[in-house]
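In this text, residue positions in the sequence shown follow this note's numbering: the first is 92, and each later residue adds one.
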Amino acid sequence: MIGDYKLSSVKNGIGYFARVVVEAMLFSEKELVIDAIGHQINRNECEVNAETHKDWINAAIEGANYTLKHIKQLDEINKSDVKIIKVIGLETDTTEDAVRTAASIATWRAINLNCPEPEPVFDKNWYVVFPVRNQHL
């Protein structure tokens with residue numbers, strides 16, 4: 092399944108932008124997150140890869156892993172591999188934390204849990220807040 096998330100916001104007069112697209116393969120044994128972007132990218136569309144922006148690709152991998160760890164706490168049975176298939180950003184307003192956050196939410200969307208989506212939060216840096224799950228006693 093494909094997950095796509097675009098973070099686009101202005102905070103304290105500063106613009107932030109990152110878009111990440113991932114593909115999740117459900118029912119995995121290993122729960123791997125890999126960079127599947129490759130060498131061919133569309134620079135006119137501001138696509139990047141590990142050759143042009145290794146820091147952003149690493150941040151996308153970290154974001155996907157963060158979501159997988161959270162999902163594992165909710166549902167130990169649901170295991171997925173995630174491929175980072177597209178990272179889009181601009182030198183002027185893309186940061187590692189914005190990419191990490193976009194990848195985290197894109198991964199959540201790809202796995203498509205029947206739970207509310209995490210929220211991007213800004214407090215000097217971007218991060219993800221997962222909703223608290225209601226538990227009935």
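Cβ atoms here follow ideal geometry from the backbone N, Cα and C, with glycine treated the same way.
Grab the span of the alpha helix (DSSP H) containing residue i for me, first residue to last.
i: V190; result: E187 to I202
Residue i: which of the options sits nearest, CA to CA?
i: S100; options: A201, V190 and L117; result: V190
i: A193; options: F108, D146 and H144; result: F108
i: K170; options: I105, V223, G104 and V124; result: V124
i: M92; options: R200, K215 and K163; result: R200
i: E138; options: A197, K163, L181 and F118; result: L181
i: I179; options: K102, S119 and R134; result: R134
i: V221; options: L204, I175 and H161; result: Just to set this straight, residue 221 is Phe in the shown sequence, not Val. Checked all of L204, I175 and H161; the closest Cα to F221 is H161.
i: D188; options: M116, A150 and G94; result: A150
Any idea if residue i is buried or exposed, counting beta-carbon neighbours within 10 angstroms, 16 or more meaning buried?
i: T186; result: buried
i: G104; result: exposed
i: L98; result: buried
i: V223; result: exposed
i: T239; result: Since the first and last residues shown for the chain are 92 and 228, residue 239 lies out of range.
i: D146; result: exposed
i: G129; result: exposed
i: V212; result: exposed
i: K215; result: exposed
i: T158; result: buried
i: G94; result: buried
Can you name the start and end residues of the beta strand (DSSP E) that residue i belongs to?
i: K174; result: S171 to I179
i: I105; result: I105 to L117
i: D184; result: Note, D184: premise wrong, no beta strand (DSSP E); not H, not E.
i: V223; result: That residue, V223, is in no beta strand (DSSP E); it is neither H nor E in DSSP.
Using three-state DSSP, classify residue i as helix, strand or coil.
i: K97; result: strand
i: E142; result: helix
i: E210; result: strand
i: K163; result: helix
i: I132; result: coil
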